[in-house]
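Numbering (this note's numbering), first residue to last: 370 to 1314. Heads up, the beta-carbon is just placed ideally off N, CA and C, and yes, glycines get one too. As the structure is a prediction and not an experimental result, all values here were calculated from the model. This report refers to the structure that appears directly beneath it.
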Amino acid sequence: MLKKLSTLGCLLFIQKNYAQNTAGFTLKVIEAQSQKALPSVVVSVQNTSFLQLTSASGTVLFDQLPPNAYYVLLHSQGYKDQLLAVTVAPKTITDLGTIALSTDPMAEIQSATIALSEEQLNDDFNGSESTAPLLQASRDVFQQAAAFQWGQSRFRIRGLDAENATLLLNGLTLNKVYDGRPQWGDWGGINDVLRNQEIVIGTAAFDYSFGGLLGAQHISTRASSYRSGSRISFAGTNTTYNWRAMATYASGVSKKGWAFVVSAGKRIGENPYFEGTHFDGNSAFISVEKQFNEQHSLNFTGIYTPNSRAKTAPNTAEVFNLMGSRYNSYWGFQNGKKRNARIKTVEEPLLLLNHYFKINDKTQLQSGVLYQWGNISNSNIDFQNANNPDPTYYRKMPSYYTSLYEKDQGEFSGAFIPDEENAEKSRLAFLENPQINWSALYRANQQPILNSNGTIIGYEPSKSNYILYEDRADETVLAANTLLNSQLSETVAVTAGTNFKTSKTQHYQKVIDLLGGSYFEDIDAFYNGNQAQSDLNHPNRQVVEGDTYGYNYFIRAQVIQAFTQFQFRFRKLQFYLGQEFSMTKYQREGLYKNGQYENNSLGKSNSINFENFGFKAGMTYSISGKQAVLLHAAHLSKAPTIQNTFPNARLNNSIVNGLTNETHSSIEATYLYRTPIIKVRATAYYSYLKNTTENSFFYAEGIFDDGAGYTNTDAFVGQTLTQLHKQNYGAELSIEYPISATLKTTLAAAYGRYTYASNPNVTITNDAQASVDNSNPVFDFGKAILKNYHQAGLPQQAYSAGLEYRNPHYWWIGTNINYITESYISVSPIARTAIFFRNPANGFPFPEATEERAKELLRQEKLDPILLLNLTGGKTWRIKGKTLGLFMSITNLLDTHYQIGGYEQARNANFRQRNQDASSGTPNFGNKYFQGYGRNYFVSLYLNL
């Protein structure tokens, strides 16, 4: 009896003590239209470490909160966030009742943004430099503006491209080792299954990776994390494609612990916006998970999204003035159908296997293996001993005749002698035949068949002067990772991870169409003898469709990374420390013995090894429940990419002279003010990227000096920039203010200054000077005066003001007006070297190269500002327990025509040629521009079952 009384007394004491310390709140979350409970909603008490997920019934209970006033954030993918003001009284559990979350239209806007961003993939083997795809899961007003309002102008947050961010899928890094960027085309068309995302911008703490200066993004495809149900959607647009269909099904977790998700899609388009373009994409996705018990789970993911798209051409102002802003020179009619010569095809299936191990309630271990294989190819026309088939080739344009000069008179320029008559003939000829003449190419590859009277009665195949080929990269990737997350105590959490990736890529040219001919000679027709041979071990090859030719080599890469992160959370202060170490190794193996580089092309190159470290730290200080100040800083080194390691990997094993690691540093400070009435974020940032390297190729006239012993001053050259530093600083502002329960206004602003912070060293590789005795014909052109020039191809300022109306009957409409400016074209570094001002005929400076004229001639062109008015709207219906939704957007409602980028042509490689061309008033080698979209639309109809 005494024992029972003692036990009862202990229980009463514990209950009394618990009651004295119990304070907090409870709530239930439901879906607004269906009124069904929402599980797995993230409920976080702002500026504290308290966070929970709602249960299967949609409820959550916080019972250990100190009495105070708080703001509670409710967040779930596909729904609009809600911020609640809560006052916690002593010894009281406050019931906040039922909270309804409405669907977020940003999920559909994401689909429209993907349609825009894919068209920006202008490079051959890499992704878009736009950071819009990185931001599609973000709820921040500024980041939404960056993705959905400014993305089509190639806006980049903080002036940083995607290689400065880490993209992960189930913990495994997806950035390509070739250029450091993700290949967005590898998962296009499966939007519905990629919405479980976490994003950080900048160098904030992240639970999956150390990240980069721009940030990190993690996508989870764990089958059990998807809400059960089906979704079917149809969309129409006039940007990259015309039509899209998608279907997705998620089973939820069965009683036996199985869950699976499947999704499939189709995108297709013919001339959606720019002339002669098309798109064809198929998408398939599967995720299967088996939960063996509460601790162990295994998940398999498969993704296959083959797609091909026709490219659009940059052109000079002369061409666009003649043909209009939608003109594209890459296509022509063949048998009455449009055929584009430049097609990019991506086909890289991806398989992942992940193991999830819940060691205990505070520690989780996640491991994974990734295998990816496939190819990326880019087609083009190759030709030998024949005229250039490009309809905009410089000799075919009127400006070729209106920019003529006589030969130099000694050291002085010859007289200006425009030929207006031939210029007019050229203009008329171009207007009559502005596209590729496929019939003429076929005819040039055939010889006539004559009868006994000498009359042509037909044609038969002969040696091809023109062919269609593709540059291919066939890559195989194997990667593995392990990630540990542990809550060591109420105030300390640790994250540690290791990653391993190995890649083997074969780069080569492949004949895909002989265009009516019988064979093509595997030689470089610009050279003679051994130098003309692609492979001295197999000289004078006659290649046919399916054959490899031109160049052929492997690139092997291996990357090992490890990182740790410690987070400390106290009532007012949170801070973190992160460290990273990585080892990177590259090696080239040539499969051809190139005639220009007999001793430096076949076999393996030296192995290039890099070791790198990274450190970052940050803190959040909570001024109150409404206000917080954040400070982040990072310093890291980074291996140069494969693209910037080998200056001419197609032909030889050479490595960039003096190649070193890049060094990146950044610091940022943010002020946050968040209440249910108004949300404000203001950020200032500074980034410095040191010792970057860039490689490029072009044909240059008058680049070499006769006095140095070169018989030809013109050459096709490779240009390498080293010791190139970049400086980016600026500020970001976002404000969200609800005028009423149904009307909300937003403001986003970005002000930046992104410049080159050094005068890089320029080296030129001239393959024509290669020989057995000179296997590395590199010429030092000294410093290029690039310091304080603007980084090109991105707006440095952007502003957006928005107004959104949401009707209680589940329809909404929004509009944004955007002003985007301070975008500059890419300059030619060689035109900023001392050699540019030297006459190749005698080695002396040009007499007309005055400082005033040089300043005017080399002024970096700024593109016109862009004013975009965008309109979005949507409506949802609840029909017999199902949700039917309609989303519509019109971008660039005013049909503004604008350029999104451009570059100086480097062909005029000395001052006199460039000055003459510019002084003519009709430059033949004027700047080339990329056009943006005019008025375009996106309409989506979806059904959630």
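Taking the DSSP output, what are the residues bridged to residue i?
i	result
W1181	R1175 and G1243
A931	T867 and F950
N709	W700
I672	F654 and L719
M988	F944 and L1000
Assuming residue i contacts residue j (C-beta within less than 8 Å), just tell me the rounded distance between them.
i	j	result
G919	D891	7 Å
I588	L563	5 Å
F1066	G1099	With 8 Å as the limit, F1066 and G1099 do not qualify as a contact, their Cβ atoms being about 32 Å apart.
F524	A531	At roughly 13 Å, the Cβ-Cβ gap does not stay under 8 Å, so F524 and A531 are not in contact.
Y763	F1299	Rounded, the Cβ-Cβ distance is 19 Å, inconsistent with contact.
A616	S593	Not really, about 21 Å apart at Cβ, beyond 8 Å.
S904	K962	Note that residue 904 is Asp in the sequence shown here, rather than Ser. Sure, about 6 Å apart at Cβ, within 8 Å.
Taking its Cβ as the centre, do 16 or more other Cβ atoms sit within 10 Å of residue i, making it buried, or is it exposed?
i	result
E658	buried
G1301	buried
T1091	buried
D1136	buried
P1216	exposed
L420	exposed
H1001	buried
E949	buried
Q404	exposed
A798	exposed
Q586	buried
E1105	buried
Q778	exposed
V1196	buried
K794	exposed
E717	buried
In terms of residue numbering, what span does the alpha helix (DSSP H) encompassing residue i cover?
i	result
Y769	S768 to T771
Q512	V510 to Q513
F689	A686 to M692
A1282	It is worth fixing the name first, because residue 1282 is Gln in this sequence and not Ala. That run of the alpha helix (DSSP H) goes F1280 to S1288.
A1069	Not the alpha helix (DSSP H): A1069 falls in the beta strand (DSSP E), residues K1048 to A1069.
L360	Limits of the chain in this structure are 370 at one end and 1314 at the other, which puts residue 360 out of reach.
Just curious, the beta strand (DSSP E) that residue i is in, first and last residue?
i	result
V998	Q996 to K1007
V1308	N1305 to N1313
K1297	K1297 to Q1300
K635	W627 to E639
Q1268	Q1268 to Y1272
A454	Q451 to V457
S795	No beta strand (DSSP E) holds S795; the alpha helix (DSSP H) holding it covers E789 to E801.
E1037	E1031 to R1043
A848	Y835 to Q856
L538	A534 to L538
E829	I825 to P830
Y448	Run containing Y448: none; DSSP gives neither H nor E here.
S1258	K1251 to T1260
In chain order, what residues of the same chain lie with their CB nearer than 6 Å to the CB of residue i, ignoring the 5 residues before and after it?
i	result
I929	F869 and M952
S746	T714, E839 and R841
S652	G558, I559, G634 and T674
Y1193	H1159, A1161, Q1229 and K1231
L1102	A1051 and A1118
V1049	Y1042 and I1104
Y439	V414, V455 and G994
A1170	L1116 and I1186
Please list, in chain order, all residues of the same chain as residue i whose beta carbon is under 8 Å from its beta carbon, the five residues on each side excluded.
i	result
T463	G393, F394, T395, V455, T456 and V457
I1199	A1069, I1072, Q1088, V1131, I1133, F1150, A1153, F1205, A1275 and A1278
L407	V398, I399, E400, T423, G427, S445, Y448 and L470
S1288	F785
G378	At G378, the pLDDT of 47 sits below 50, so the modelled position is not reliable; the number obtained from the coordinates is stated separately. Result list for G378: empty, nothing under 8 Å.
A1223	F1206 and F1280
If you drop the 5 nearest sequence neighbours on each side, which residues of the same chain put their C-beta closer than 7 Å to that of residue i?
i	result
K1007	N981, N1030, E1031 and H1033
A573	G987 and H1001
N437	V457
N611	G605, I637, G638, E639 and P641
N1022	R957, G959, N969, S970 and S974
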